[in-house]
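Data first, discussion second: the structure below is written as structure tokens.
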Amino acid sequence: MKMLLRLALPNMVAIITMTAIIIADASYIGRLGTVELASLALVFPFQSLMQMMAAGAIGGGITSSVSRALGRNRQTEAEEAAWHGFLIVIMMSVLYTIILGIFCGPVLSLFDASNEVVEGAIIYSRILFGAAAVGWVFFFLCSILRAIGEILLLSRIIIVSSLVQIILSGALTLGLGPLPSLGIAGPALAMVFCHGITTIYMLILILKGSFEFRLRPYPFKLLTLYDIMKVGGIGLINSSAIALTVIVVTRIIGSYGTSALAGYGLGSRLEIMVIPIAFGIGGVLTPAVGANFGANQFGRARNIAWTGCGLSAIFTGLIGIVFATVPNLWLDQFTSDPAAYEYGALYLGIVAPLYGLFGGGMALYFASQGTGHMVIPVSLSLLRLIVVGTVGFLSIQLSWGLSTVFGSVAIGLGIIGIGMGLNMFSPTWRPKATASLDSIGFRAQ
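In structure tokens:
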């Protein structure tokens with residue numbers, strides 16, 4: 085418990101600082117107007133999808149593979165996993181650049197939004213996804229530092245980078261001193277710049293031998309690729325299901341007008357923020373569970389997972405209760421449009437009370453990555469997508485209204501929380517030991 089808190093709390097501070105970027109960007113864009121806010125809402129699910137894939141899915145698969153190898157005291161195997169992870173990251177970044185960087189226009193035009201809203205989203209998308217490699221390599225290096233136990237160092241790096249990004253984003257969006265006001269392009273440029281500088285710094289640390297771990301080329305091995313993708317590949321499905329859930333609802337809300345889209349965007353932005361907060365704890369759970377599974381310490385791994393689940397549920401639950409009860413604490417920071425406020429408040433009142441259940445479930449999802457078995461967790465995300473998508477379709481056909489759609493989103497959060505809790509009692513978390521090895525520790529600087 086003390087070890088988990090010692091590592092999770094700094095990591096949570098780091099992730100919360102990253103989450104503050106989301107709040108700051110929405111605040112800056114909100115000052116530009118409702119159209120710009122709707123543009124940001126349109127592209128936000130795709131931005132979240134890339135971050136969830138890079139940090140949570142592929143990044144989690146890399147962290148899981150490397151940490152399990154280190155738990156078995158196999159240094160070379162761990163370094164091979166890191167190199168194969170790097171190759172995967174490069175390929176994924178190319179896909180994002182092509183689909184959402186070069187061809188973002190046709191993709192974003194599929195949404196039922198005004199031309200002005202789509203044009204703003206295209207500007208943002210071309211900058212962010214045109215430099216997708218920067219973001220992917222950034223999250224790849226973060227996953228390596230987590231896997232080798234350098235969590236406190238990583239926390240410091242993320243905190244500094246995030247604070248600089250918040251300041252730079254405001255300066256580029258609204259204009260500050262000699263810097264011109266770049267509008268909706270500002271947050272995207274700030275993210276690419278700060279991720280780029282931070283990536284260079286982390287890469288220098290690893291390549292110059294600051295740790296007992298080297299990132300270098302290794303011959304391609306299908307087995308190593310499989311070890312990463314059995315977690316990361318299935319995790320891609322999970323990330324896609326989460327983002328598609330938001331995209332489906334966004335598509336439905338778009339038919340209700342710009343104010344509805346802007347208001348929902350603010351509400352769903354808070355929901356997606358729950359995932360990074362859960363990852364603040366889950367980012368520690370993945371290597372901790374992975375190392376203990378590698379060392380056959382299964383009981384200890386379960387205790388770590390439950391402890392992390394409880395901490396995540398408390399933090400995210402408090403956020404949900406506060407903003408469901410007093411939505412103006414959140415919404416007043418971003419919009420003065422009464423219609424947008426009304427839709428945002430409706431969303432928070434229905435969905436936010438379930439954030440605690442969802443946050444606890446997401447922490448267990450990241451813990452499950454350490455086991456190397458992800459079929460059940462991902463199946464739950466697909467079930468959530470089916471429920472929300474089905475109700476959304478019926479709401480349009482039968483004119484049920486937005487309250488019903490938002491209610492289905494709340495049910496989806498409950499599916500994740502309850503389902504992941506039940507998964508803890510499955511055979512995945514109670515395997516038979518294959519060897520007797522001591523679990524590895526994590527360095528705290």
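Residues in the sequence shown are numbered from 85 upward in steps of one, following the working numbering. Note that CB positions come from ideal geometry on N, CA and C, so glycine has one too.
Separation of residue j from residue i, as counted between CA atoms
i	j	result
residue 322	residue 128	17 Å
residue 314	residue 462	12 Å
residue 464	residue 107	28 Å
residue 425	residue 433	12 Å
residue 485	residue 475	11 Å
residue 94	residue 233	13 Å
residue 545	residue 139	Any answer about residue 545 is impossible in this case: the structure gives the chain only from 85 up to 529.
residue 398	residue 303	45 Å
residue 507	residue 262	55 Å
residue 251	residue 381	44 Å
residue 471	residue 404	22 Å
residue 77	residue 479	Past the edges of the chain, shown from 85 to 529, lies residue 77, and the structure says nothing about it.
residue 312	residue 217	19 Å
residue 481	residue 448	36 Å
residue 518	residue 469	Confidence is the limiting factor: at residue 518 the pLDDT is only 49, short of 50, which leaves the residue's position unreliable, though a coordinate-based value still follows. Approximately 37 Å, taken between the alpha carbons.
residue 350	residue 155	42 Å
residue 254	residue 101	15 Å
residue 443	residue 373	18 Å
residue 473	residue 445	21 Å
residue 489	residue 126	18 Å
residue 357	residue 132	9 Å
residue 152	residue 320	20 Å
residue 330	residue 427	15 Å
Exposed unless 16 or more other CB atoms sit within 10 angstroms - verdict on residue i
i	result
residue 159	exposed
residue 412	exposed
residue 453	buried
residue 500	buried
residue 249	buried
residue 67	Limits of the chain in this structure are 85 at one end and 529 at the other, which puts residue 67 out of reach.
residue 409	exposed
residue 417	exposed
residue 288	exposed
residue 514	exposed
residue 459	exposed
residue 187	exposed
residue 190	exposed
residue 511	exposed
residue 240	exposed
residue 371	buried
residue 376	buried
Selection from the options that minimises the alpha carbon distance to residue i
i	options	result
residue 181	163, 130 and 225	130
residue 120	422, 342, 402 and 471	342
residue 242	407, 211, 283 and 204	283
residue 336	401, 195, 320 and 318	195
residue 143	112, 229, 214 and 185	229
residue 168	414, 276, 299 and 251	299
residue 272	429, 113 and 357	113
residue 237	198, 483, 193 and 295	295
residue 111	346, 207 and 459	346
residue 265	460, 115, 488 and 493	115
residue 244	469, 105 and 516	105
residue 173	150, 492 and 141	141
residue 61	203, 187, 446 and 149	Since the first residue shown for the chain is 85 and the last is 529, residue 61 is missing from the structure and cannot be characterised.
residue 214	198, 176, 235 and 197	176
residue 275	292, 293, 260 and 256	256
residue 99	438, 361 and 511	361
residue 406	395, 440, 383 and 386	440
residue 164	226, 331 and 309	309
residue 137	219, 185 and 293	219
residue 483	306, 269 and 340	340
residue 185	193, 290, 206 and 151	206
residue 227	192, 135 and 197	135
Bounding residues of the alpha helix (DSSP H) (the contiguous stretch that carries residue i)
i	result
residue 436	Where residue 436 is concerned, there is no enclosing alpha helix (DSSP H), given that its DSSP letter is neither H nor E.
residue 168	159-180
residue 545	Lying outside 85 to 529, the shown extent of the chain, residue 545 is not represented and no answer is given.
residue 455	Element bounds for residue 455: n/a, residue is neither H nor E.
residue 147	142-155
residue 217	216-231
residue 121	118-135
Proximity test, residue i beta-carbon vs the ligand GDP heavy atom, cut-off 7 Å
i	result
residue 289	The ligand GDP is not among the ligands present in this structure, which contains no ligands whatsoever.
CB contact check: residue i to chain C, cutoff 8 Å
i	result
residue 311	Although the question refers to chain C, the structure presented lacks it and comprises just one protein chain.
Minimum length 3: unbroken beta strand (DSSP E) runs contained in the segment 466-500: Taken in chain order, the whole beta strand (DSSP E) runs of length 3 or more contained in the segment 466-500 number zero.
Length at least 4, wholly inside the segment 342-422: the alpha helix (DSSP H) runs in chain order: The qualifying runs are 342-378, 382-409 and 412-415.
Entirely enclosed alpha helix (DSSP H) segments - the segment 241-325, minimum 4 residues: Fully enclosed alpha helix (DSSP H) runs of 4 or longer: 269-291.
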